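Asks:
Number of protein chains: 2
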Amino acid sequence: MAAGTRPRGAGRVQVLETARRLFTLHGVEGTSLQAIADLMGVSKAAVYYHFKTKDDLVRGVLEPIIAGIAELARVIGAQRGRNARLDAMLIGIVDLAVAHNDEFQVVMGDPYIGSVLQAEVDALGFAELAESLALTGTDPATMATRVALSVFVTGLRGPLTDPELLALGDAALREHLIESGRRLLGIRRRPHAL
Amino acid sequence: MAAGTRPRGAGRVQVLETARRLFTLHGVEGTSLQAIADLMGVSKAAVYYHFKTKDDLVRGVLEPIIAGIAELARVIGAQRGRNARLDAMLIGIVDLAVAHNDEFQVVMGDPYIGSVLQAEVDALGFAELAESLALTGTDPATMATRVALSVFVTGLRGPLTDPELLALGDAALREHLIESGRRLLGIRRRPHAL
DNA sequence: GTCTATAGATCGATAGAC
DNA sequence: GTCTATCGATCTATAGAC
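Printed below as a string of structure tokens:
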């Protein structure tokens, strides 16, 4: 395996971590490969050794949270009852966002990723997920739930970028976010299956 | 004042509208002045006649909603009682977001605007606003409200970018968003002053 | 007020030495 | 695995003709 002496970090993982941080701060289009290389103290060509194109790098950065979302869809599908599924989705998405904060910011906030991740996003199974949550209708009650769910998922970005709220720590922030989601969606503490 | 025959729109207002649409779709960094000029059917230099730099153009696009936020801060300050102020803020921010949807997306979502609007954002009086809402403490109840408020303001972006929810129309969407905010913040329909 | 032309910088990406 | 050097494209911005 030839794991020789590596004087300073310039491996694949280091590139991913550096890119993730810069993407979060300045967006994908606002982050050049030169800036990534500079922050690592290596040359631009060294970055290209690990990733053939910038889009590949973007995909690499987003891979963990994409996988997490797919897994979440599976977990939710295993729940029985509409409220149990809603609550599982709520908790799962909060856990994902807290655990993969940086990637979550990029996925939810960057206007660029849509063009590079359209296929992956479509394959996440969100369409089937919405169906299993009975969120495909257009009656007023359903629309209210859809609006609330959209506000919640998008809104997670707020506290997760506010330094004063991040200072609460992951655990406390998680509780606050779940509580916010339950209020928004009108879910009781211990949901019963319908 | 010499309003001669203008064969096709290439005035200052048309530049602003075109830029606003492209900024919303592809972000500020993802929108070149060439793309704006192309969509208008004019040359790049024609755009530079109206705006000296790209940052000037960004500021021009964001000016209406920035003014709206400043005005909102004034309106909220005139309310008496904490719940009345919270409710006024909630309704005001929803009205602003619905009325200036495109600009709202750019302000809330684009990683670039922070660097160009830092001074303007600081001057919006949000710090004083938070104080007047008694949201400066760090006790659990205050933090819960701060998290909820952050989720709500950031979350408005969700429904306002979802075509299926936008199809509800401004009026219905407005009601849904206000209802969501009241649930999140635990505000009753007709708020009484404390 | 709009144009062509171009300067100067930076971008993504590649080639080839070590 | 990292480097220097470079290509071609694109970007912001300016100069000057009409």
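Those protein sequence lines, which keep their order, are chains A and B. Sequence positions in the first sequence follow the numbering used here and run 1 to 194. Sequence positions in the second sequence follow the numbering used here and run 1 to 194. Quick reminder that beta carbons are idealized off the backbone N, C-alpha and C, glycines included. These numbers come from a predicted model, not from an experiment.
Does the distance from the C-beta atom of residue 183 of chain A to that of residue 86 of chain B stay below 8 angstroms?
Replies: By one-based count along the first sequence, residue 183 of chain A stands at place 183. By one-based count along the second sequence, residue 86 of chain B stands at place 86. Cβ distance not < 8 angstroms, so residue 183 of chain A and residue 86 of chain B don't count as in contact.
Asks: Have a look at residue 186 of chain A and residue 178 of chain A and give me their C-alpha separation to the nearest angstrom.
Replies: Position 186 of the first sequence holds residue 186 of chain A. Position 178 of the first sequence holds residue 178 of chain A. Cα to Cα, the separation comes out at about 12 angstroms.
Asks: Consider the Cβ of residue 150 of chain A: report whether some Cβ of chain B lies at a distance smaller than 8 angstroms.
Replies: Start at 1 with the first residue of the first sequence, and residue 150 of chain A comes out as number 150. Output row for residue 150 of chain A: interface = yes.
Asks: Would you say residue 45 of chain B reaches chain A, if we count a Cβ-Cβ gap shorter than 8 angstroms as a contact?
Replies: Counting from 1 along the second sequence, the entry for residue 45 of chain B is found at position 45. No, residue 45 of chain B lies away from the interface with chain A (no Cβ there is under 8 angstroms from its Cβ).
Asks: Verify the CB distance criterion: does residue 1 of chain A have a CB-CB separation below 8 angstroms to chain B?
Replies: For the purposes of this step, residue 1 of chain A is taken as the residue at position 1 of the first sequence. Unreliable placement is indicated for residue 1 of chain A, whose pLDDT of 40 sits below 50; the coordinate value is still reported in the next sentence. Taking Cβ atoms only, chain B never reaches closer than 8 angstroms to residue 1 of chain A, which makes this a no.
Asks: Quick check: the segment 92-105 of chain A against the segment 90-102 of chain B, are there 3 or more CB pairs under 8 angstroms?
Replies: Judged by Cβ distances under 8 angstroms, the segment 92-105 of chain A makes no contact with the segment 90-102 of chain B, as fewer than three pairs qualify.
Asks: Going by DSSP in three states, residue 44 of chain A sits in which element: helix, strand or coil?
Replies: Working through the first sequence from its first residue, we reach residue 44 of chain A at position 44. The answer is helix: DSSP assigns residue 44 of chain A an H, G or I state.
Asks: I'd like to know if residue 89 of chain B contacts chain A, where contact means its C-beta is closer than 8 angstroms to some C-beta of that chain.
Replies: Your numbering for residue 89 of chain B matches position 89 in the second sequence. So no, residue 89 of chain B is outside the interface.
Asks: Where residue 52 of chain A and residue 12 of chain A are concerned, what is the direct C-alpha to C-alpha distance, given to the nearest angstrom?
Replies: Here residue 52 of chain A corresponds to residue number 52 of the first sequence, with the count starting at 1. Here residue 12 of chain A corresponds to residue number 12 of the first sequence, with the count starting at 1. The alpha-carbon atoms of residue 52 of chain A and residue 12 of chain A are separated by roughly 12 angstroms.
Asks: Pairs of beta-carbons, one from the segment 99-116 of chain B and one from the segment 25-32 of chain A, closer than 8 angstroms: are there three or more?
Replies: Yes, the segment 99-116 of chain B touches the segment 25-32 of chain A.
Asks: In the DSSP assignment, find the alpha helix (DSSP H) that holds residue 23 of chain A and state where it starts and stops.
Replies: Against the first sequence, residue 23 of chain A aligns to sequence position 23. Taken as a continuous stretch (DSSP letters only), the alpha helix (DSSP H) holding residue 23 of chain A covers 12-26.
Asks: Between A:15, A:160, A:180, A:55, which has its C-alpha nearest residue 104 of chain A's C-alpha?
Replies: Start at 1 with the first residue of the first sequence, and residue 104 of chain A comes out as number 104. When only C-alpha atoms are compared, the closest one is A:160.
Asks: Mapping the DSSP letters down to three states, classify residue 112 of chain B as helix, strand or coil.
Replies: Taking the first residue of the second sequence as position 1, residue 112 of chain B is located at position 112. Coil at residue 112 of chain B, not helix or strand.
Asks: Looking only at its chain, what residues have a beta carbon closer than 7 angstroms to the beta carbon of residue 75 of chain A, apart from the 5 residues adjacent to it on each side?
Replies: To locate residue 75 of chain A, count along the first sequence from 1; it is residue 75. Once the five neighbours on either side are set aside, the close Cβ partners of residue 75 of chain A are 88, 92.
Asks: Kindly list the residues whose CB is nearer than 6 angstroms to the CB of residue 3 of chain B, restricted to its own chain and excluding five residues on each side of it in sequence; keep chain order.
Replies: The count along the second sequence starts at 1 and reaches residue 3 of chain B at position 3. Note on residue 3 of chain B: pLDDT 40, under 50, position unreliable in the model; no value is reported.
Asks: I'd like to know whether the C-beta of residue 13 of chain B is nearer than 8 angstroms to at least one C-beta of chain A.
Replies: Here residue 13 of chain B refers to the residue found at position 13 of the second sequence. Residue 13 of chain B does not count as touching chain A.
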